[in-house]
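Just add 192 to wherever you are in the sequence shown, counting from 1, and you've got the working numbering.
Glycine is no exception: its CB is placed at the ideal position from the N, C-alpha and C atoms.
Being a predicted model, the structure only gives us computed values, none of them experimental.
Reviewing the structure listed below.
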Amino acid sequence: MPLSHPSGASGSSPTPSEPSFAERFDVLIVGAGHAGCEAAAAAARMGLRTALFTLNLDLIAQMSCNPAIGGVAKGHLVREVDALGGIMGEVADSCGIQFRLLNTSRGPAVWSPRAQCDKALYRTRMREKLESIPNLFIKQAEVVDLIRGEPLQPANPRISGVVLRDGRRIFSHAVVVTTGTFLNGLIHCGEQTYSAGRSGEAASVLLGENLKKLGLRETRLKTGTPPRLDGRTIDWSRFEEQPGDADPTPFSFRSLAALQSAGLKTTDGSGQPGDRQAAPVAVRWQPPLRQISCHIAVTTPQTLALIRANVHRSPMFTGQISGVGPRYCPSIEDKIVRFPDKTSHQFFLEPEGLNTHEVYINGMSTSLPMDVQQAMVHSIPGLENAEMLRPGYAIEYDAIDPTELDRTLRVKQFHGLYLAGQINGTSGYEEAACQGLIAGINAALFARHARQLDSSPGSNPDEASPDTFTLDRTEAYTGILIDDLISKGTDEPYRMFTSRAEFRLHLRIDNADTRLTPYGRRLGLIDDPAWAAFQAKQARAAALQSLLEATRLDADGLQTLNAALAASPRSPMGASTGTGPAETGSTQTSATETSPTEIVSLPRGELYAQLLKRPAITIELLLPALLPSLEAQRETRPEFAPWLAALTTSGYAHGGALPVWIRNELKTVETTIKFAGYLAQQQRTIQRLRDDEARAIPAWFNYRACSGLSREMVEKLDRVRPLTLGQASRIAGVTPAAVALIQCFLQIQARTA
Ligand SMILES: Cc1cc2nc3c(=O)[nH]c(=O)nc-3n(C[C@H](O)[C@H](O)[C@H](O)COP(=O)(O)OP(=O)(O)OC[C@H]3O[C@@H](n4cnc5c(N)ncnc54)[C@H](O)[C@@H]3O)c2cc1C
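Okay, structure coming up:
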């Protein structure tokens, strides 16, 4: 059914079989939360006519809970979204009011960016970003149902649109549902319970009920949020200030592009002599907004006593809440019950923005009754007179069992239906964003295929889309998140941790672009300037690596290095000399038992790359000695121009601090050289895992015919229907012996199939 597009209409006009006020798009996104925004941006930027429906246009990308993006492992996800061409990183950089790079005293595998963001500005900037994308139409409406198999034979398990509360039917080739905590959302605040998607917003009850008719397995989950206070009523002098980094690290690789092109000779196109002007030099990334501090606080014995005395009134403990909450992000009353020996709990006072006095109490999520919340807050010195702007509360909501999905986040039972975000059992803006991106990309690829089939009459639109985009556990935390969800499911809100990764050293924040940007480019999500900056950064790293592998330490270099060693008790940047292959997430101390000063007997003539393999030697310590070699190659290796320009301007050679963006790039090369052996060993393990992943299990495979598999295992395997042996091996309870058995029966059944 060819699509017709009357001019001016955002949606194309209905086909003859569709009611008059129907509209048609290629891709529909339900919900403009953190998942929906990424999905919509990706599908539209891939050239598909995309509509984004949400309950309230003024609350696009609302940060329901903490006013922060990133943190350990979450920062890795934001970098991966950005490297693939997603938008969360750029938006966070544009409205961050405090930036910190966490864990720099530990190995590079666990370094992770985090930013406090101005919540109101985050919504505005995200909306601006979405409204700047051609092909993307944002609409306020409540989606109440999905259209099944229409207009194709009803029996065909296909979703081809949505029904709106006002009766309109919107048709499309693919639908991505990202409704967060809204499906049958129920808020609990003490004894009070009421239906809501989050505070102040209605729940999605009709869609929640209609989704049940699809027959998908569901779970009931819960999350919670702390009270918000009026900052003018807080005695800040009673709290320890926690400022951001003086030289902040942005999330987005594109935020650094301007810095990275500094000093690069570019032509102004006039062809006149001297038209090759060096781009202006900026030394450090400057966040566009004023930077402010957070504050650290702790509970008092009175706080704990008060909560203990009232824990029986918490919906968590009265059985009022049936949803399962996150063990890793417990409410304050949960912490007190679970850790009775702890005499105090730390929490943070985080500003919600520059133009508001609202303060978020990170670490005090609660659903205790209001009177208890008030007393709890007032039991903290400095908060005795604090006014509460919003109470804390818990919310429970419906989520879909993610083992219903495949690696593209498509619902296995339906063509054209994708789910992303909290609806899949995760918790967190970042976890939602990476899923939204993957679901949006795959919905776009499916719609593109369906559109081609539509335009070639007689073709069968239900053929599975040949083109999909997936990431596996060896490539990205996003791949780990999705694989964990679809293989193991989740019985509590799933949050990302670096400990979930088998190959942490491969999946660092600094090499997310090396791992993923080429994919983003192929998908059409990385534009030319970003691609050029990416290639220049890769070229810089490669040039430095070959320089380190070819340059020997001469007398001057040795003198300079010894001076640097003597001067650095720990380099201000935190001497991040990695340990041997001990998973490098560990703290530095072990490797640097041999403190720098003890290795003054460095052998002249040693290759810099060899020196870098010494635990105590870091790239920061080597750089002063290496600088002359870099300078000497200024003309022959233009790749180094941005570094040399920034190092010169920063006065680095005369004791100025090393700009953090350069340090971060140098660290990539340091890690590659310092852990080469370990990375190679991991590469072999990765290859074995990929081989396992390559062994497909056909859809018709009969686990019941595999004698030796326990009934419980057969049930699990039948429920998940893993696509590969590798995925089967990760299903909880499926033993290596069972995997070996399946491998045998694969050959047997293949012979008789
Ligand atoms: C009270 C609370 C506390 C939280 N605490 C934490 C925490 O401590 N740590 C943490 O990591 N995460 C927490 N979160 C979760 C975090 O907010 C989510 O993980 C994240 O926002 C999920 O993003 P999402 O895109 O899946 O959904 P959301 O961001 O929830 O967006 C869903 C969107 O769907 C829209 N929508 C819903 N139903 C419909 C419909 N029928 N039709 C059209 N549009 C619809 C809504 O308007 C909204 O824009 C909390 C959330 C809440 C509500």
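Please report the distance separating the alpha-carbon of residue 727 from that of residue 807.
The count along the sequence shown starts at 1 and reaches residue 727 at position 535. The count along the sequence shown starts at 1 and reaches residue 807 at position 615. Looking at the two C-alpha atoms, the distance is approximately 30 Å.
Report whether the distance from the Cβ of residue 298 to the nearest heavy atom of ligand 1 is below 7 Å.
Within the sequence shown, numbered from 1, the residue matching residue 298 stands at position 106. For ligand 1, not one heavy atom lies less than 7 Å from the Cβ of residue 298.
Given the structure, does residue 386 come close to ligand 1, in the sense that its CB is under 7 Å from one of the ligand's heavy atoms?
The residue you call residue 386 lines up with position 194 of the sequence shown. Every heavy atom of ligand 1 is 7 Å or more from the Cβ of residue 386, so no.
Who pairs with residue 846 in a beta bridge, going by DSSP?
Translated into positions along the sequence shown, residue 846 becomes position 654. Beta-bridge pairing links residue 846 to no other residue.
Give the secondary structure of residue 553 by DSSP, where H, G and I count as helix, E and B as strand, and everything else as coil.
For the purposes of this step, residue 553 is taken as the residue at position 361 of the sequence shown. Reduced to three states, the DSSP call for residue 553 is strand.
For residue 507, does the count of other Cβ atoms within 10 angstroms reach 16, so buried, or fall short, so exposed?
The residue you call residue 507 lines up with position 315 of the sequence shown. Residue 507 is classed as buried because its beta carbon has at least 16 other beta carbons within 10 Å across all chains shown.
Under the criterion of a Cβ to heavy atom distance below 7 Å, does residue 621 qualify as lining ligand 2?
Here the bound small molecules are ligand 1; ligand 2 is not part of this structure.
Below 8 Å, how does it come out for the stretch 590 to 603 and the stretch 630 to 650: are there three or more Cβ pairs, yes or no?
yes
Cβ neighbour criterion (16 or more within 10 Å) applied to residue 517
Here residue 517 refers to the residue found at position 325 when the sequence shown is read from its first residue. That one is buried.
Between which residues of its own chain and residue 877 is the CB-CB distance below 8 Å, once the five residues before and five after are set aside?
On the sequence shown, residue 877 is found 685 positions in, with the first residue counted as 1. Same-chain partners within the cutoff: 694 and 695.
Limits of the unbroken alpha helix (DSSP H) element including residue 589:
Counting from one through the sequence shown, the residue named residue 589 turns up at place 397. No alpha helix (DSSP H) holds residue 589; the beta strand (DSSP E) holding it covers 585 to 592.
C-alpha distance - residue 937 paired with residue 908, whole-angstrom precision:
Taking the sequence shown and counting its residues from 1, one reaches residue 937 at position 745. Taking the sequence shown and counting its residues from 1, one reaches residue 908 at position 716. Taking the CA atoms as reference points, residue 937 sits about 17 Å from residue 908.
So, residue 859 versus residue 809, is the Cβ gap smaller than 8 Å?
For the purposes of this step, residue 859 is taken as the residue at position 667 of the sequence shown. For the purposes of this step, residue 809 is taken as the residue at position 617 of the sequence shown. Contact flag unset, no.
What does a CB cutoff of less than 6 Å around residue 924 pick up in its chain, not counting 5 residues either side in sequence?
The residue labelled residue 924 in the question sits at position 732 within the sequence shown. Counting only Cβ-Cβ distances below 6 Å, and skipping sequence neighbours, we find 680.
Who does residue 329 pair with in a DSSP beta bridge?
Here residue 329 is taken as the residue at index 137 of the sequence shown, counted from 1. Residue 329 is bridged to 243.
When you measure from the CB of residue 246 to every non-hydrogen atom of ligand 1, does any distance come out below 7 Å?
Taking the sequence shown and counting its residues from 1, the one referred to as residue 246 is at position 54. A distance criterion of 7 Å places the beta-carbon of residue 246 in contact range of ligand 1, judged by its closest non-hydrogen atom.
Counting only the same chain and skipping the five closest in sequence on each side, list residues whose C-beta sits under 6 Å from that of residue 591.
Along the sequence shown, read from residue 1 onward, the residue named residue 591 stands at position 399. Correct list, in chain order: 411, 413, 615 and 617.
Return the CA-CA distance between residue 192 and residue 943, expressed in angstroms with no decimal places.
Absent from the model: residue 192. The displayed extent of the chain is 193 to 945, so no value can be given.
When the distance is taken between beta carbons, is residue 940 closer than 8 Å to residue 920?
Indexing the sequence shown from 1 puts residue 920 at position 728. Indexing the sequence shown from 1 puts residue 940 at position 748. Not in contact: residue 920 and residue 940 (Cβ atoms no closer than 8 Å).
Pull up the distance between the alpha-carbon of residue 946 and that of residue 369, whole angstroms please.
Within the shown structure, residues of the chain are numbered from 193 to 945, placing residue 946 beyond reach of any answer.
Is there at least one non-hydrogen atom of ligand 1 closer than 7 Å to the beta-carbon of residue 687?
As a first step, residue 687 must be located in the sequence shown, where it is residue number 495. Yes.
Would you call the CB atoms of residue 230 and residue 280 closer than 8 Å?
Reading the sequence shown from its first residue, position 38 is the one you call residue 230. Reading the sequence shown from its first residue, position 88 is the one you call residue 280. Contact flag set, yes.
Would you give the residue range spanned by the alpha helix (DSSP H) that residue 266 belongs to?
The residue you call residue 266 lines up with position 74 of the sequence shown. It spans 266 to 276 - the alpha helix (DSSP H) in which residue 266 sits, taken as one unbroken run.
Pick helix, strand or coil for residue 458, following the three-state DSSP scheme.
Residue numbering aside, residue 458 sits at position 266 when the sequence shown is read from its first letter. At residue 458 the pLDDT is 49, less than 50, meaning the model places this residue with poor confidence and gives no usable figure here.
Which partner residues of residue 539 appear in the DSSP bridge assignment?
For this step, residue 539 is matched to residue 347 along the sequence shown. Residue 539 is bridged to 489.
Determine the direct distance from the alpha carbon of residue 659 to that of residue 826, and round the result to whole angstroms.
If you number the sequence shown from 1, residue 826 lands on position 634. If you number the sequence shown from 1, residue 659 lands on position 467. Going from the Cα of residue 826 to the Cα of residue 659 covers about 44 Å.
Could you give the DSSP three-state label for residue 663: helix, strand or coil?
Mapped onto the sequence shown, residue 663 falls at position 471. Coil.
Span of the beta strand (DSSP E) around residue 221:
Sequence index remark: in the sequence shown, residue 221 carries index 29 (1-based). Taken as a continuous stretch (DSSP letters only), the beta strand (DSSP E) holding residue 221 covers 219 to 222.
Collapsed DSSP secondary structure at residue 432 in the structure displayed:
In the sequence shown, counting from the first residue as 1, residue 432 sits at position 240. In the structure shown, residue 432 sits in a strand (DSSP, three-state: E or B).
Contact belief for residue 265 with residue 291 at Cβ below 8 Å, rounded distance in angstroms
Taking the sequence shown and counting its residues from 1, one reaches residue 265 at position 73. Taking the sequence shown and counting its residues from 1, one reaches residue 291 at position 99. Their Cβ separation, rounded to whole angstroms, is 17 Å, which puts residue 265 and residue 291 out of contact at 8 Å.
DSSP state of residue 943, grouped into three classes?
Your numbering for residue 943 matches position 751 in the sequence shown. Helix at residue 943.
Taking the alpha-carbon of residue 892 as reference, which of 701, 881 and 913 has the nearest alpha-carbon?
Locating residue 892 in the sequence shown gives position 700, counting from the first residue. The shortest C-alpha separation from residue 892 is found at 913.
Residue 208 by DSSP, collapsed to three states: which one?
Taking the sequence shown and counting its residues from 1, the one referred to as residue 208 is at position 16. Bear in mind that a pLDDT of 49 at residue 208, under 50, signals an unreliable position, so the number given afterwards is only what the model happens to contain. Here residue 208 sits in coil by DSSP.
In the stretch 704 to 735, which residue ranges form an unbroken alpha helix (DSSP H) of at least 4 residues, counting only runs that do not cross its ends?
704 to 715
At the level of alpha carbons, what is the spacing between residue 301 and residue 801?
Counting from 1 along the sequence shown, the entry for residue 301 is found at position 109. Counting from 1 along the sequence shown, the entry for residue 801 is found at position 609. If I take the Cα positions, the gap works out to 20 Å.
Answer yes or no: do residue 566 and residue 485 have a C-beta to C-beta separation smaller than 8 Å?
As a first step, residue 566 must be located in the sequence shown, where it is residue number 374. As a first step, residue 485 must be located in the sequence shown, where it is residue number 293. No. Outside cutoff.
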